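K.L.:
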Amino acid sequence: MSTPTEFHLFPNLPSEIRLKVWSFIVGTPRVVKIHCKKRIERNRRFADAFVSEEPPPIALHICQESRHEALSIYETFFTTARSPRYTYVAFDRDTIKFPDGTLEYIKPLELQSIQRMIMEVKDCAYFTTFHLDTVQKMQSLKELEIVTGGIARTTGTDEGDMYDWNGGGRYLTESGAEDLASDIAMARERELGETT
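For the sequence shown, the UniProt record's numbering begins at 1 and goes up steadily by one.
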């Protein structure tokens, strides 16, 4: 017996139940990977477009009722002056994943809205020297995971460590780099005037 793919009686359910179903669907956290297409013109580098392979939330395409519920949670972000392309994001539940060298192109409003972020870093020393100050200014940031060497590790195991990050419930997860903690400590002392 095959699993049904349609529920024809769903529209006949009370609206309260339908809205709970839509709320459950749109409430699922996602990891949204954002790539930055960069350009150079007249010796100036800028973001030509931000691209995400993450499809828009499915609730936007089911019916008007589900779309209305989804639009109450998701907003459009990551546009540029040259590209109207956007990505639907709910910063209170989604984790934003960036490759190395993207932070400098993100708009201040978006940087201040990000609560959970994964950074794919090729060179920890470079990242802590040139980008740690940007991360430090992200007031809404609650979780930061730095992934090196393409290997993500879970927090709380011997493979990854959790660090207190500037108070306020913000954390930094070391993933795949033995010297990341010392890199961050050195960068804090050198760039931010803090000691660990």
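Where is the CB? At the ideal position from N, CA and C, for every residue including glycine.
Remember, it's a predicted structure, so these values are computed and weren't measured experimentally.
1. Expressed to the nearest angstrom, what Euclidean distance is found between the alpha-carbon atoms of valine 135 and phenylalanine 7?
2. Within 10 Å of its beta-carbon, does lysine 122 have 16 or more other beta-carbons around it, so buried, or fewer, so exposed?
3. Roughly how many whole angstroms lie between the Cα atoms of glycine 150 and glutamate 120?
4. In chain order, what residues of the same chain lie with their CB nearer than 6 angstroms to the CB of aspartate 92, ignoring the 5 residues before and after it?
5. For lysine 20, report the span of its alpha helix (DSSP H) as first-last.
6. Report the rounded CA-to-CA distance for glutamate 75 versus isoleucine 34, giving the unit in angstroms.
7. Where does isoleucine 146 fall in DSSP's three states?
8. Given a threshold of 16 other Cβ atoms within 10 Å of its Cβ, counted over all protein chains shown, does valine 89 qualify as buried or as exposed?
P.N.:
According to the data block:
1. Reading the sequence shown from its first residue, position 135 is the one you call residue 135. Reading the sequence shown from its first residue, position 7 is the one you call residue 7. Their Cα atoms are separated by approximately 46 angstroms.
2. Numbered from its first residue, the sequence shown carries residue 122 at position 122. By the 10 Å Cβ count, lysine 122 comes out exposed.
3. Within the sequence shown, the letter at position 150 stands for residue 150. Within the sequence shown, the letter at position 120 stands for residue 120. With a pLDDT of only 44 at glycine 150, under 50, the local geometry of the prediction cannot be trusted, and the value read off the model is given with reservation. Roughly 7 angstroms between the two C-alpha positions.
4. Residue 92 sits at position 92 when you count from the first residue of the sequence shown. So no residue of the chain qualifies.
5. The residue given as residue 20 occupies position 20 in the sequence shown. 15-26 is the extent of the alpha helix (DSSP H) around lysine 20.
6. Reading the sequence shown from its first residue, position 75 is the one you call residue 75. Reading the sequence shown from its first residue, position 34 is the one you call residue 34. Taking the straight line from one Cα to the other gives about 15 angstroms.
7. In the sequence shown, residue 146 corresponds to position 146, counting from 1. Looking at isoleucine 146 - three-state DSSP - the assignment turns out to be strand.
8. Along the sequence shown, read from residue 1 onward, the residue named residue 89 stands at position 89. Per the 10 Å Cβ criterion, buried.
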